[in-house]
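Okay, so here's the structure we're looking at.
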Amino acid sequence: MSLTLLNAAVAVFIAICFVGLNAAYLVWCERKGAGFYQRRPGPMENGPWGLLQPPIDGVKLMTKQLLIPGGVDKAIFMVAPVLAMFPALISFVTIPFSKNIVAHPINVGVLMIFAFAALGGMSLLVAGWGSRNKYAMISSVRAVSQTVAYEIPMLITTITIVLVSGSLNLSEIAASQLGGFWKWNIWGFQEAVGYNILMPISFLIIFVCAVAETNRAPFDLGEAESELVAGFHTEYSSMGFGLFFMGEYANIVIGACLVTILFLGGWSSPVPLGFFPFTDHVGWFLLKIYMIIFVFIWIRWTFPRTTIYGLLNLSWKYLIPISLFNLLLTAALLKVF
Amino acid sequence: MGKKELSPNLETVPESLVQLAVADKLINLCRANSLWPLTFGIACCAIEMMGTGAARFDLSRFGAEVFRPSPRQADVMIVAGTISKKMAPGIKTLYDQMPEPKWVIALGNCAISGGPFVYEGQYGIIEGADQFLPVDVYVPGCPPRPEALIEGIIELEHKITGWRRWPKVKPEWREDNNT
């Protein structure tokens, strides 16, 4: 696809709509899901099944007083929420929703997503530092140490997949797994991954990392409200807080997309029968990412929060050694077979 | 204290510079339907407040279950319990930290007027949240049942929008009950 101005404008418009709608309605899903797991209906009265709740919350947040506390570092304080939302939006540029639906395929798409994910971690640090609040500061230090710790096993596992498919381009990684669910990278018994039976464990590692990277329960140490008020966004009111919220949900979508592309075959149909619902198309991709997001919500409302030591130990003592071992094993097996 | 008919006044919300009637109505409707309370409970009424948010009564039906831990993101302060003189400055600070528009619900007899703690020589309790906070809705009871808090929230919505979600239920008195 040639990159004309019109194409770019349409792509940006669609990306913003997709991210905005997802961020808004995933909040609704979260609240309904919370209700479901706690045996109550959740938002019901505002619109059918509470479907009007996200726009209502949005208008309320936008019309609330934007309070800048005295003594904060104003520039940093204002920039942080934008910095939280922006990388998530940018990352959608390179994510392939199907063979044709991709805004701009980049050769090093994986690298780009990780680079912007690191920028998201910086926004947390900046938010905590700028808001002149000791709870926010402690929380942002926690969140950053967590993000850094979980980026390493995620990167190593991603490198394993890059070794398998021989490309850093997300479209090619997904395209290499087409042709049935037995070709997906999650399964170990196939020639493409060198008969490495540890592939399901790799999938588990990257899934746990995706949950931890997005600061979600049971790893939401950054927002532990029983100890740190509200975490790094303690001092943010109105839409500043709203942007952090939307950034979090956009990051969840990015994480789910990444897991889907790397391990679940992207847009590939699980049983390619050749007629319409079973051909490879964008529907399968959306189905997969929303199933992963459903599991995210399920985990959040099922498990209690871990401790910060438990969280860091899990990464440094278990996930990083296992993923390193898996990387070496995959490299050796790919050489053998 | 007699029963006072609520007027749909908007005095708690500072008036905007440009007056747009329809937009203001819409904004008030949105504010009324997404009242996020501040997470704090002072005494036993807080247990009832938790019960209101839990499965049987489910405050989330009205979009009001998002208990925000930070006062910067909260809309309504539910003063749930006895206010001791030692606690009052903290509550006042929390109220001052909330951004506009903000509302206060006094939950339970202690927060309304001191409840059972009003007696001669009492030195430690503030007799009612309205001694130092602009209270919008009073929810009586010792402690009030969760339904009463839900009614309080609906009454606050009535105050914000001037429109009531459901008609009020008239209490029915049976004559033989009084004998």
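Protein chains in written order, with my numbering: chain A, 1 to 337; chain B, 338 to 516. Heads up, the beta-carbon is just placed ideally off N, CA and C, and yes, glycines get one too.
is_contact[residue i, chain B] using C-beta, thresh 7 Å
i                     : result
residue 59 (chain A)  : yes
residue 128 (chain A) : no
residue 107 (chain A) : no
residue 260 (chain A) : no
residue 64 (chain A)  : yes
residue 46 (chain A)  : yes
residue 76 (chain A)  : no
residue 56 (chain A)  : yes
residue 177 (chain A) : no
residue 235 (chain A) : yes
residue 67 (chain A)  : yes
residue 230 (chain A) : yes
residue 225 (chain A) : yes
Pick from the options that is closest to residue i, judged by C-alpha positions
i                     : options                    : result
residue 438 (chain B) : A:68, A:293, A:60          : A:60
residue 429 (chain B) : B:447, B:408, B:488        : B:408
residue 375 (chain B) : B:441, B:363, B:509        : B:441
residue 240 (chain A) : A:335, A:9, A:49, A:78     : A:78
residue 203 (chain A) : A:16, A:50, A:327          : A:327
residue 435 (chain B) : A:201, A:288, A:66, A:336  : A:66
residue 265 (chain A) : A:23, A:19, A:154, A:97    : A:97
residue 174 (chain A) : A:294, A:99, A:146, A:331  : A:99
residue 476 (chain B) : B:470, B:432, B:417        : B:417
residue 373 (chain B) : B:411, B:361, B:431, B:391 : B:411
Residue i, buried or exposed, once every other Cβ within 10 Å from all chains shown has been counted against 16
i                     : result
residue 393 (chain B) : exposed
residue 370 (chain B) : buried
residue 150 (chain A) : buried
residue 64 (chain A)  : buried
residue 27 (chain A)  : buried
residue 176 (chain A) : buried
residue 338 (chain A) : In the structure as shown, chain A begins at 1 and stops at 337. Residue 338 (chain A) is therefore absent and cannot be evaluated.
residue 346 (chain B) : Note that residue 346 (chain B) has pLDDT 48, beneath the 50 cutoff, so the model's placement of it is unreliable and no number is given.
residue 339 (chain B) : The predicted position of residue 339 (chain B) is uncertain, since its pLDDT is 49 and thus under 50; no value can be drawn from it.
residue 238 (chain A) : buried
residue 21 (chain A)  : exposed
residue 517 (chain B) : Residue 517 (chain B) is absent from the structure shown; chain B starts at 338 and stops at 516.
residue 354 (chain B) : exposed
residue 17 (chain A)  : exposed
residue 307 (chain A) : exposed
residue 291 (chain A) : exposed
residue 48 (chain A)  : exposed
residue 520 (chain B) : Because residue 520 (chain B) is not part of the residues shown, which for chain B are 338 to 516, the question remains open.
residue 504 (chain B) : exposed
CB contact below 7 Å: residue i versus chain A
i                     : result
residue 436 (chain B) : yes
residue 505 (chain B) : no
residue 392 (chain B) : yes
residue 410 (chain B) : yes
residue 469 (chain B) : no
residue 365 (chain B) : no
residue 489 (chain B) : no
residue 473 (chain B) : no
residue 446 (chain B) : no
residue 406 (chain B) : yes
residue 498 (chain B) : no
residue 517 (chain B) : Residue 517 (chain B) lies beyond the stretch modelled for chain B, which goes from 338 to 516, so this question has no answer here.
residue 371 (chain B) : yes
residue 347 (chain B) : Residue confidence is low: residue 347 (chain B) scores 45 on pLDDT, short of 50, so the model does not pin down where it sits. Its coordinate-derived value is still stated next. It does not; no Cβ of chain A falls within 7 Å.
Endpoints, beta strand (DSSP E) assigned at residue i
i                     : result
residue 442 (chain B) : 440-444
residue 472 (chain B) : Element bounds for residue 472 (chain B): n/a, residue is neither H nor E.
residue 415 (chain B) : 413-417
Alpha helix (DSSP H) segment containing residue i, residue limits
i                     : result
residue 150 (chain A) : 134-165
residue 122 (chain A) : 109-130
residue 429 (chain B) : 425-434
residue 62 (chain A)  : 53-62
residue 233 (chain A) : Residue 233 (chain A) -> no alpha helix (DSSP H), and no H or E assigned at all.
residue 37 (chain A)  : 5-37
residue 79 (chain A)  : 74-91
residue 300 (chain A) : 282-300
residue 367 (chain B) : 358-369
residue 379 (chain B) : From DSSP, residue 379 (chain B) is part of no alpha helix (DSSP H); its letter is neither H nor E.
7 Å Cβ cut-off: residues of chain E touching residue i
i                    : result
residue 41 (chain A) : The chain labelled as chain E is not found among the protein chains of the depicted structure, namely A and B.
Checklist line | Inter-stretch contact (C-beta, 8 Å, three-pair minimum) for the segment 188-195 of chain A and the segment 308-325 of chain A | finding: no
Margin query: Would the segment 159-179 of chain A count as touching the segment 98-117 of chain A if we require 3 or more Cβ pairs under 8 Å?
Written below: yes
Next item on the list: Would you be able to state if there are at least three C-beta pairs under 8 Å between the segment 39-53 of chain A and the segment 216-224 of chain A?
Entry: no
Notebook entry, point to check: Counting pairs of beta carbons, one from the segment 69-88 of chain A and one from the segment 244-253 of chain A, are three or more of them closer than 8 Å?
Noted result: yes
Item checked: Touching by the beta-carbon criterion (3+ pairs, under 8 Å), the segment 394-403 of chain B and the segment 421-436 of chain B -> no
Item checked: At least 3 beta-carbon pairs within less than 8 Å: the segment 261-276 of chain A vs the segment 8-15 of chain A -> no
Item checked: Segment contact flag, the segment 119-132 of chain A with the segment 178-190 of chain A, C-beta cutoff 8 Å, min 3 pairs -> no
Margin query: Would you call the segment 493-500 of chain B in contact with the segment 447-458 of chain B, where contact means no fewer than 3 C-beta pairs closer than 8 Å?
Written below: no
Check: How do the segment 137-157 of chain A and the segment 223-232 of chain A stand: do at least 3 beta-carbon pairs fall below 8 Å, yes or no?
Finding: yes
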